[in-house]
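**Q** Mind looking over this structure? Questions follow.
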Amino acid sequence: MESVLSDRLHQTGWSTAPRARSVPVAMKVVVAGGFAVGKTTFVGAISEIDPLRTEAQITVESLGIDNAGLVEHKTGTTVAMDFGRITIGPDMVLYLFGTPGQDRFWFMWDELARGSIGGVVLVDTRRLEDCFPAVDYFEALDVPFVVACNLFDGVATHHPREVREALHVPANTPVVLCDARRKSHVQETLVLLVEGALRRAQARSGR
Amino acid sequence: MAYDPRAPDPRPSSRIVRPYVLTQGRTKALVPPSKLDRAATPEARRIVELCQTSTSVAEVAARMSLPLGVTRVLMGDLVSVGALAVDVGSPDAANDVALLERLLDGIRAL
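Protein sequence lines correspond, in order, to chains A and B.
According to the numbering used here, the stretch in the first sequence is residues 1 to 207, in order.
According to the numbering used here, the stretch in the second sequence is residues 1 to 110, in order.
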């Protein structure tokens, strides 16, 4: 391969190649929440591709024992990450990354969250505590986020105000009801997130 | 030569494709698959084919049904021979008012 491509390589040397204009800007949103809270459904409701799943090998040695101590001697495990894509225009693509469902893989979020415009924390109000790590994470990272209470079976079991009070999220963090199966709900949740990110960016740039 | 832990990592892929490329990078093939050397592996061909339109590393991994780490290494090799380019995007897109305005308009129009 090298011989055939060597002339090409000289023309387009990696370090000096002009940035390809045909590569659209990639924007990124992280979708977090507890296990089986509907993250993949949320991504799939608006993604132009079926949510893709990719797997990453991670080392769990330092994490101590796994559930029920079944894999005490395991040195690596696989975590899955779901993502979807929305083409905003010829020069912009939005990626939605669903985090691994298990809290203990929070450290993978750092890579996911880097460069993201913010997060959506999906909440199952019957298992509110499952979303605490995600809320804590986005707060600590100081990125905009929206709390979206997934309407399982289309039914709201709690008012967003109650969820807000229970989570103690900042006043400028929206808490909304969202049926993760419905595109319009997912769309509105993303609008709220980007509006928040925009307000913050405008404040920072002094506009 | 004795192993020197302070020596720079000689592996080209580790310098060319950094871990952040994993989710932030977008790749674009610089050549069509037909321009690859005959010795190119089927995986390399498939990656170059997938990257004819710019694609995220994570998406390539998913479509190849390969773990991210493996995909990253294969793509790093293709970058090092000039078959792929990696664009790590605007590092500060999250604070770019103009980009966010366009994104907002785009989401509303979906």
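We treat Cβ as the ideally placed atom computed from N, Cα and C, and that holds for glycine.
Only a predicted model underlies this, so the values are computations on that prediction, with no experimental measurement involved.
(1) Three-state secondary structure (DSSP) at A:F145?
(2) Can you grab the Cα-Cα spacing for the pair A:N150 / A:V123, in whole Å?
(3) Compile a chain-ordered list of the residues in the segment 116–142 of chain A whose CB is closer than 9 Å to at least one CB of chain B.
(4) Determine contact between the segment 109–117 of chain A and the segment 131–149 of chain A, defined as no fewer than three beta-carbon pairs at a distance below 8 Å.
(5) How would you call A:D50, buried or exposed, if buried means at least 16 neighbouring beta carbons within 10 angstroms?
(6) List, in chain order, every chain B residue whose beta-carbon is nearer than 9 Å to that of A:L198.
(7) Could you tell me whether any Cβ in chain B is nearer than 7 Å to the Cβ of A:T40?
(8) Within 10 angstroms of its Cβ, does A:L94 collect 16 or more other Cβ (buried), or is it exposed?
(9) Can you tell me whether A:S205 is buried or exposed, with buried defined as 16 or more other CB within 10 angstroms of its CB?
(10) Spell out whether any CB of chain C is found under 7 Å from the CB atom of B:L50.
(11) Determine the extent of the alpha helix (DSSP H) in which A:A166 is found, giving its start and end residues.
(12) Anyone know if the C-beta pair for B:R63 and B:L50 falls short of 7 Å?
(13) Between the C-alpha atoms of B:A85 and B:K28, what's the straight-line distance to the nearest angstrom?
(14) Closer than 9 Å by beta-carbon distance: list the chain B residues that pair up with A:G98, in chain order.
(15) What number of angstroms, rounded off, separates the C-alpha of A:R200 from the C-alpha of B:I107?
(16) Quick one: what does DSSP say A:E111 is sitting in, helix, strand or coil?
(17) Any idea what DSSP makes of A:V93, helix, strand or coil?
(18) Would you mind telling me which residues of chain A sit closer than 8 Å to B:I107, beta carbon to beta carbon, in chain order?
(19) A:E129 to B:S80, Cα distance in whole Å?
(20) Hey, how far is the Cα of B:P12 from the Cα of B:P32?
(21) Quick one: residues in its chain with C-beta nearer than 8 Å to the C-beta of B:L111, no 5 flanking neighbours on either side, listed in chain order?
(22) Just to confirm, is the Cβ distance from A:V120 to A:A166 under 7 Å?
(23) Could you tell me if A:E55 is buried or exposed, where buried requires 16 or more neighbouring beta carbons within 10 angstroms of its beta carbon?
**A** To lay it out plainly:
(1) Within the first sequence, the letter at position 145 stands for residue 145 of chain A. Looking at A:F145 - three-state DSSP - the assignment turns out to be strand.
(2) Within the first sequence, numbered from 1, the residue matching residue 150 of chain A stands at position 150. Within the first sequence, numbered from 1, the residue matching residue 123 of chain A stands at position 123. Taking the straight line joining both Cα atoms gives about 6 Å.
(3) S116, I117 and G118
(4) yes
(5) Residue mapping note: residue 50 of chain A aligns to position 50 of the first sequence, counting from 1. Exposed.
(6) One-based indexing of the first sequence puts residue 198 of chain A at position 198. Chain B residues near A:L198: V97, L100, E101, L103 and L104.
(7) In the first sequence, counting from the first residue as 1, residue 40 of chain A sits at position 40. No - not a single Cβ of chain B is within 7 Å of the one on A:T40.
(8) Numbered from 1 along the first sequence, position 94 holds the residue referred to as residue 94 of chain A. A:L94 should be labelled buried.
(9) Taking the first residue of the first sequence as position 1, residue 205 of chain A is located at position 205. Exposed: under 16 other Cβ atoms inside 10 Å.
(10) This model lacks chain C altogether; the protein chains it does include are A and B.
(11) Within the first sequence, the letter at position 166 stands for residue 166 of chain A. It spans P160 to L167 - the alpha helix (DSSP H) in which A:A166 sits, taken as one unbroken run.
(12) By one-based count along the second sequence, residue 63 of chain B stands at place 63. By one-based count along the second sequence, residue 50 of chain B stands at place 50. It is a contact, given that the beta carbons lie within the stated cut-off.
(13) Residue mapping note: residue 85 of chain B aligns to position 85 of the second sequence, counting from 1. Residue mapping note: residue 28 of chain B aligns to position 28 of the second sequence, counting from 1. Roughly 5 Å between the two C-alpha positions.
(14) The residue you call residue 98 of chain A lines up with position 98 of the first sequence. Here the premise fails: no neighbours, minimum Cβ distance about 11 Å.
(15) Within the first sequence, the letter at position 200 stands for residue 200 of chain A. Within the second sequence, the letter at position 107 stands for residue 107 of chain B. So the two alpha carbons sit approximately 18 Å from each other.
(16) Taking the first residue of the first sequence as position 1, residue 111 of chain A is located at position 111. In this structure, A:E111 counts as helix in the three-state DSSP scheme.
(17) By 1-based counting over the first sequence, the position of residue 93 of chain A is 93. Note: A:V93 maps to strand in three-state DSSP.
(18) In the second sequence, counting from the first residue as 1, residue 107 of chain B sits at position 107. Simply I86, I88, L94, Q187, L190, V191 and V194.
(19) Translated into the one-based positions of the first sequence, residue 129 of chain A becomes position 129. Translated into the one-based positions of the second sequence, residue 80 of chain B becomes position 80. If I take the Cα positions, the gap works out to 46 Å.
(20) In the second sequence, the residue the question calls residue 12 of chain B occupies position 12. In the second sequence, the residue the question calls residue 32 of chain B occupies position 32. Residue placement at B:P12 cannot be trusted, given a pLDDT of 42 that sits under 50; the coordinates are not used to answer.
(21) Since the first residue of chain B shown is 1 and the last is 110, residue 111 of chain B is not available in this structure.
(22) Numbered from its first residue, the first sequence carries residue 120 of chain A at position 120. Numbered from its first residue, the first sequence carries residue 166 of chain A at position 166. Cβ distance not < 7 Å, so A:V120 and A:A166 don't count as in contact.
(23) Here residue 55 of chain A is taken as the residue at index 55 of the first sequence, counted from 1. By the 10 Å Cβ count, A:E55 comes out buried.
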